[in-house]
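Take a look at the structure below.
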Amino acid sequence: MSSVFFQAVAATIIASSIPLILAAIGELVAERSGMLNLGVEGMMLMGAVCGFIGAYFSSSTLVGALCGVAAGLAMASLYGLLTIGFAVNQVAAGLALTIFGQGLSGLIGAHYVGLKRDGAPHLHLPWLSGLPYVGHMLFGEDGFVYAALALVAGVAWFLRYSRAGLNLRAVGDNPASAHALGMSVGGTRLMAVLFGGACAGLSGAYLTLAYTPFWSPGLSAGRGWIALALVVFASWKPWRVVLGALLFGGATILQLQAQALGIRLPSQMLSALPYVVTILALILLNLRRYRGSLTPAALGLPFVADT
Amino acid sequence: MTKISRRNVLTGAASLGLGMATTGRASAATKLKAAFVYVGPVGDFGYSYQHDQGRLELQKALGDKVETSFLESVPEAGSEQTFAQLARSGHDLIFGTSFGYMDPMVKVSKQYPKVKFEHATGYKRTPNLSTYSAKFHEGRYVIGQIAGKMTKNNTIGYIAAFPIPEVVSGINAFMLGAQSVNPGIKLKIIWANVWFDPGKEADAAKVLLSQGCDIICQHTDSAAPLQVVEKAGKHGFGQSSDMARFAPKAILTSIVDHWGGYYIKRTQAVLDGTWKSTDTWGGMDLDMVRMAPFTNMPDDVKAMAVATSAAIKADKLNPFHGPITKQDGTIAAKAGEAVADKDILSMNWYVKGIDDKLPS
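Read top to bottom, the protein sequences are chains A and B.
Residue numbering for the first sequence follows my numbering, starting at 616 and increasing by one per position.
Residue numbering for the second sequence follows my numbering, starting at 7 and increasing by one per position.
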């Protein structure tokens, strides 16, 4: 196989992994603070539609991406108000957020269906893009790819080395102790939820600005749910999100490649392959894990301080 | 027009909307009430969008006698309630446009014998339930010929949704059209196993391009593959509606579903009191399948496509006219004969020359 073919395949895999990485890294931070937000799909759709509209009117991908982030933030603050402000059940609030986002994005975007704009420009980095074999593949992508990798690196550093990250993890594992130590549990969780919303919004904007540059209702097609599963798959570790997303994206693309090559396996089975691979990986990871997991101990539990 | 959107409001609110539609009836008491139920959003710019275009055509033609409304994104499971509610709330004529509405519509039609029902792409009828569908494969034959002429390396990519007869007969008609002008054509088929997932459809198009296809044909609903093809400087075709706006340089033509004529005819029949339960399977002859303008191709290819469309429309050319050999070498239709309609409607085999295994 030629290197051109190899690079084309790799670029397709990366492109299909980016929305998963973006949404999952945001959800990971929210979950590490104890907030299980099942509204990722709804926040993504809102980010997708608002990102598209913003970019359509401003003719700027950057403005579009910021609109997507803003939409994700707005949705997340609604979730934060319900779950932190009123201590509503997180699962119910998250599901409601997804349904709400699906409906509202369809309504907002009704007049923008069928419009199109050019995909986000690919940013070629001087010198690096010209490297043989890997240059075009790794350094010839659109801005979202770099943003995603920078976000993962930032989150990994933040959670591990920063004081605020340590506080966030403490809030996720034992909110009562954190509260007793004088930390603001609600405030920390709200910031984490907002970060998750911003990332989901950006992920949605990536869909309508770079991946498939048009708006159509429901175009995220379940990617928000896959992002949620990836967080568990990654056992709440940032870099494993990238690994999981690439594995999932890789399985998806390779099954399409296999079909086009005429490999005679039932296509339904091939379509299920990415999910099967993900489940198998989950089982293997669990078997290998001999010590306690990173699952935030207070995940999904509301916290109301006694005063 | 009453717009009741299932996707935009919660189910409870939608039933409320139906109630409100009913109260508004007094002012329009003399008008016939026709309702349309779609499986997708009208904004899909594909299948459901085209049905709604048909509804608008009906509204325009008979608006003084008919009041139309629609429900979008109605899941097939649980649609029985939707149809019953429409029948209860005073609708005289109800169109259901997805295959999966079949059994619910059969059941509800028996409960409301005075209401007329019309079901697209199904095969079960009752005294007050008609069926209708379009010969989409006629359009596929035309685009197969175009692809056969336009390809430079004889390799064409085909993104298919599900291995159901409509899609399989489309692949076969496409291949027969391509073979009629270019016997050495190769087809690479990807089953996406979805009707609508822009990301996956785009990925499939990228994969087919990476394997050397220079023309991509799709039987899935979003315009994503066309955008990929446009960016790569190759060619493709639109599905269900004219998708030229998404890929002005890449698009060769689109197969356009056209339901308006049928909707007007059937509604007029209800108004005249001549409506009967029937089955309609129309193609280009009944103007139910149309070809969008032929673009981005040399004049001789365009002339050929125009001539082929005209011949099909005039009933002088049948894509499934023999001799047709199946992939396994058995004869599907002898010279001078054609594959029977019922065999097209239940097609589960490939024609000779397709190097792929049909998922069962």
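All C-beta atoms in this analysis are idealised placements derived from N, C-alpha and C, irrespective of residue type, glycine included.
Looking only at B:166, B:140 and B:129, the smallest Cα-Cα distance to residue 886 of chain A is reached by B:166. Taking a 10 Å sphere around the C-beta of residue 781 of chain A, we find fewer than 16 other C-beta atoms and assign the residue as exposed. Each residue's CA atom was taken as its position, placing residue 624 of chain A and residue 869 of chain A some 8 Å apart. With a threshold of 8 Å between beta carbons, residue 205 of chain B makes contact with chain A. Along the segment 668–701 of chain A, the alpha helix (DSSP H) occurs as fully enclosed runs of 4 or more residues at 676–695, listed in sequence order.
Looking only at B:263, B:279, B:205 and B:251, the smallest Cα-Cα distance to residue 126 of chain B is reached by B:263. Restricting attention to A:838, A:867, A:730 and A:883, the CA atom closest to the CA of residue 653 of chain A is found in A:838. For residue 883 of chain A, the nearest beta carbon of chain B is closer than 8 Å to its own beta carbon. Taken in chain order, the members of the segment 41–54 of chain B whose beta-carbon sits within less than 8 Å of a beta-carbon on chain A are 47, 49, 50 and 51. Considering only beta carbons, the part of the segment 861–877 of chain A lying closer than 8 Å to chain B consists of 867, 868, 871, 872, 874, 875, 876 and 877, in chain order. Residue 197 of chain B has a beta carbon lying within less than 8 Å of a beta carbon in chain A. Interface annotation, residue 158 of chain B: not in contact with chain A, CB-CB separation never under 8 Å. Rounded to the nearest angstrom, the gap between the Cα atoms of residue 199 of chain B and residue 689 of chain A is 34 Å. Listed in chain order, the alpha helix (DSSP H) elements of length 4 or more contained wholly in the segment 256–301 of chain B are 266–278. For the segment 617–635 of chain A, the set of residues with a beta-carbon nearer than 7 Å to any beta-carbon of chain B comprises 620, 623, 624, 627 and 631, in chain order. Within the model, the alpha-carbon separation for residue 176 of chain B versus residue 703 of chain A is close to 51 Å. Residue 728 of chain A counts as buried, since no fewer than 16 other beta carbons sit within 10 angstroms of its beta carbon. DSSP links residue 245 of chain B through a beta bridge to B:261. Under the DSSP assignment, residue 224 of chain B falls in the beta strand (DSSP E) whose first and last residues are 221–225. Around residue 731 of chain A, the same chain offers 828 and 829 as residues with beta carbons nearer than 8 Å, after the five sequence neighbours per side are excluded. Look at residue 138 of chain B here: in three-state DSSP terms it is strand. Closest option to residue 889 of chain A, judged by alpha-carbon separation, among A:841, A:876 and A:918: A:841. Residue-level contact check: residue 829 of chain A touches chain B, since one or more beta carbons of chain B fall below 8 Å from its beta carbon. Annotation: the segment 70–128 of chain B contains the following complete segments of the beta strand (DSSP E) (minimum length 3 residues), in chain order: 72–78, 99–102 and 122–126. The CB of residue 214 of chain B comes closer than 7 Å to the CB of 875 in chain A, given here in chain order. In the three-state reduction of the DSSP assignment, residue 757 of chain A falls in the strand class, which pools E and B. Assignment of beta-bridge partners to residue 829 of chain A by DSSP yields A:731.
The three-state secondary structure of residue 621 of chain A, taken from DSSP, is helix. Where residue 848 of chain A is concerned, the enclosing alpha helix (DSSP H) starts and stops at 838–848.
Taking residue 664 of chain A as reference, the option from A:763, A:638, A:677 and A:833 with the minimal CA-CA separation is A:833.
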